[in-house]
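Read left to right, the sequence shown gives residues 1 to 381 (UniProt numbering).
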Amino acid sequence: MTIPKKVVHLTTVHHPSDPRIYHKECLSLKRAGYDVTLIAQQDEETTEKEKPIRHIPLKTYKNRIKRMLFGTFDLYRKAKKLKADVYHFHDPELLPIGWLLKRKNNTVIYDIHEDYVTSILQKEYMSPFFRKVFAKMYKTMENIFARKMELCLAEKYYKDIYPTGKCILNYPTINEKFLKHDRKNQPLKNAVLYTGNVTEDRGALIHARLPQIDESLSVQFIGKCPSDLAEEMYSVAGNRSGQLLIEGIDQYIEKEAIEAMYVEHNWLAGVALFPPTDHYMKKELTKFFEYMNAGLPIICSNFPVWERFIDQYKCGIAVDPYDSSAVEKAIRYLRDHPEEARQMGENGKQAVQQELNWLSEEKKLIQWYQQLLQENSTILK
Numbered sequence: 001m002t003i004p005k006k007v008v009h010l011t012t013v014h015h016p017s018d019p020r021i022y023h024k025e026c027l028s029l030k031r032a033g034y035d036v037t038l039i040a041q042q043d044e045e046t047t048e049k050e051k052p053i054r055h056i057p058l059k060t061y062k063n064r065i066k067r068m069l070f071g072t073f074d075l076y077r078k079a080k081k082l083k084a085d086v087y088h089f090h091d092p093e094l095l096p097i098g099w100l101l102k103r104k105n106n107t108v109i110y111d112i113h114e115d116y117v118t119s120i121l122q123k124e125y126m127s128p129f130f131r132k133v134f135a136k137m138y139k140t141m142e143n144i145f146a147r148k149m150e151l152c153l154a155e156k157y158y159k160d161i162y163p164t165g166k167c168i169l170n171y172p173t174i175n176e177k178f179l180k181h182d183r184k185n186q187p188l189k190n191a192v193l194y195t196g197n198v199t200e201d202r203g204a205l206i207h208a209r210l211p212q213i214d215e216s217l218s219v220q221f222i223g224k225c226p227s228d229l230a231e232e233m234y235s236v237a238g239n240r241s242g243q244l245l246i247e248g249i250d251q252y253i254e255k256e257a258i259e260a261m262y263v264e265h266n267w268l269a270g271v272a273l274f275p276p277t278d279h280y281m282k283k284e285l286t287k288f289f290e291y292m293n294a295g296l297p298i299i300c301s302n303f304p305v306w307e308r309f310i311d312q313y314k315c316g317i318a319v320d321p322y323d324s325s326a327v328e329k330a331i332r333y334l335r336d337h338p339e340e341a342r343q344m345g346e347n348g349k350q351a352v353q354q355e356l357n358w359l360s361e362e363k364k365l366i367q368w369y370q371q372l373l374q375e376n377s378t379i380l381k
C-alpha cells in the first residue's frame, strides 16, 4: 500500500477556516489523497472533530510583535516534528521558517496572497519613511530566503513580479445554493452587499457614504470590521447610520455565514468602491468572483483593470468612487432596470461556472504538486 505524501500548510496570520487555505487548497489536496495538516491559530468556535483537516493549533497573540516572535517559533517547532514532504506557508513573516524547514528531501512553497511591497507602502499607521524602510527590508528578506522555494501566486499580475511563480488563482468554488437561488422571481431589495474584511483601504468610508448619496439605500456589510472603524463609518453616514448594517464587528465571519447572506435577499448589487491605491488597482478582486458566483451585478471603482474586467464579462458598472453623482446614477440604473441588472448578474454567474472557478485551479494545484514531488524524487535518486 502506498503511503500518502504528507503536506503541511502553515499560517500565523490567517484564520484556520480561511477560504483559500482551508476550503480550497487543503480540502482539494485531501480529496486528491494527500495526508494534509494545517498549523494555524486556535479556532475557538469549531471543535476539532467537526473538521476533516487535521488542525494543530497555535496560541493566538493579539500583539503583532509577539505573534511574529513567539508564534513563528511555536509554528516552526510543531512543523519540524511532522517531517512533511511539502511545507506550504502563507505569510511573509514565515519566510525564515520556510527556509529553516527546507531540506533536500522536501518541497517548500511560499503562497503569495498579496503584493506585499505595495501593501506595506500604504500602511497608514507607519510614517512614509518607515513604510519605505520596511518595504525594502521585506524585499531583501524575500530575496534571501525564497531562493530555494517554489512560489504560488494568488493573482495574475503577481507574475510580473515573480516570473517563475505558479499561478493558482483565488477563484471561487461553485456553490449549489447560488445555482438554485432565483433572482428573477424575488422582489429586489433596496440594499447593496459588501462581503469580506472591512477596512479603510477597501472602501469602508466610501461605502458608508452610500445612504447619504441615495437616501433610500441600505448597505449590508458582512466580514470582520474593527470597532473603531465601524464607529467612524456610522459617523460618516450621519443621520442615515441606521442604514449601515455591519455584521462582524471585531469578529471573524465564517465562509458559510457569508455565503448564506448572499441568498438571504435579492440584493441590488455587490459593491467594491475602493479608493485608488497601487495595492488594489491592478488586482482582479476575489470579491468580484464571489459576487458573480452569487449572480449579483457589481458596482466598483473605475480603475482601468477593473473597468476592463467589468466590460469583458458585462457583469456590472464601474464608476469614479468619489463622484457621488456617478455612484447615485449607477445605483438608480440597477434599481430602475431590474431586468438589465439581473442579466448582469447572470452574465457573471455564467462566467464563473464556465471558467472563473476553483475547479480549474484545483486541477492546476494537484498537477503542480505531483510535478514537484516527482522532480524531488528524481533529484534524490
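For glycine and all other residues, C-beta sits at the position ideal for the given N, C-alpha and C.
One Cα belongs to Asp-323, the other to Met-261, and the distance between them is close to 28 Å. It is roughly 25 Å from the alpha-carbon of Gln-354 to the alpha-carbon of Tyr-280. When the Cα atoms are used, Thr-286 and Asn-105 turn out to be separated by approximately 34 Å. For Phe-309, the number of other beta carbons within 10 angstroms of its own is at least 16, and it is reported as buried. Under the three-state reduction of DSSP, Val-219 is assigned to strand. Using a Cβ distance threshold of 9 Å, Leu-365 and Glu-25 count as a contacting pair. Three or more beta-carbon pairs separated by less than 8 Å link the region 288 to 304 to the region 168 to 185, which places the two stretches in contact. DSSP, read as helix, strand or coil, puts Ile-144 in helix. Collapsing the DSSP output to three states places Glu-155 in coil.
Cβ contact annotation for Asn-302 (same chain, cutoff 7 Å, sequence separation greater than five): Ala-318, Val-319, Asp-320, in chain order. Non-local C-beta neighbours of Ile-206 in its own chain, meaning closer than 6 Å and more than five positions away in sequence, comprise Leu-273, Pro-321, ordered along the chain. Where Leu-205 is concerned, there is no enclosing beta strand (DSSP E), although the alpha helix (DSSP H) around it starts and stops at 204 to 208. Counting only runs of 4+ residues, the alpha helix (DSSP H) found wholly inside the region 49 to 98 occupies 72 to 82, in chain order. When DSSP states are grouped into helix, strand and coil, Lys-166 belongs to the strand group.
Gln-251 is the residue among Thr-118, Gln-251, Glu-362 whose C-alpha sits nearest the C-alpha of Asp-43. Beyond the five residues adjoining it in sequence on each side, Ala-208 comes within less than 7 Å, by CB distance, of Met-233, Val-236, Ala-237, Leu-244 in the same chain, given in chain order. For Gly-270, the enclosing beta strand (DSSP E) begins and ends at 269 to 272. Around Ile-258, the same chain offers Thr-195, Ile-222 as residues with beta carbons nearer than 6 Å, after the five sequence neighbours per side are excluded. Assignment of His-337 by DSSP, reduced to helix, strand and coil, places it in the coil class. The straight-line gap separating the alpha-carbon atoms of Asn-239 and Thr-118 is approximately 36 Å. By the neighbour-count definition (other C-beta atoms within 10 Å, threshold 16), Gln-186 is an exposed residue. Residue burial is scored here from C-beta neighbours: Lys-177 has fewer than 16 other C-beta atoms within 10 angstroms and is therefore classed as exposed.
When beta bridges are read from the DSSP output, Ile-39 appears opposite Leu-10, Ile-56. By the Cβ criterion, the region 68 to 79 is in contact with the region 92 to 111, since at least three pairs of Cβ atoms, one from each stretch, lie closer than 8 Å. Between the beta-carbon of Leu-268 and that of Val-192 there is about 5 Å, and that keeps the pair under the 8 Å contact cut. Comparing C-alpha distances from Cys-315 to each of Pro-297, Glu-328, Ala-326 shows the shortest one belongs to Pro-297. For the set Lys-80, Arg-54, Ala-32, Tyr-87, the Cα lying nearest the Cα of Val-7 is the one of Tyr-87. Here DSSP, grouped into helix, strand and coil, assigns Leu-193 to strand.
For Leu-100, no pairing in a beta bridge is given by DSSP. Of Lys-329, Gln-41, Pro-57, the smallest CA-CA separation from Ile-213 is found for Lys-329.
Taking each of Lys-59, Lys-224, Glu-124, Ser-360 in turn and checking the Cα distance to Lys-255, the smallest one comes out for Lys-224.
Just measuring C-alpha positions, the residue of Ser-227, Pro-163, Leu-359, Thr-37 sitting nearest Ser-17 is Thr-37.
Per DSSP, Thr-277 is not a residue of any beta strand (DSSP E), being assigned neither H nor E.
Closest option to Leu-29, judged by alpha-carbon separation, among Leu-151, Glu-361, Glu-215, Tyr-158: Glu-361. Excluding five sequence positions before and after Glu-155, the CB atoms of its chain that fall closer than 6 Å to its own CB belong to Lys-283, given in chain order. Only buried fits Val-352, as 16 or more other CB atoms lie within 10 angstroms of its CB.
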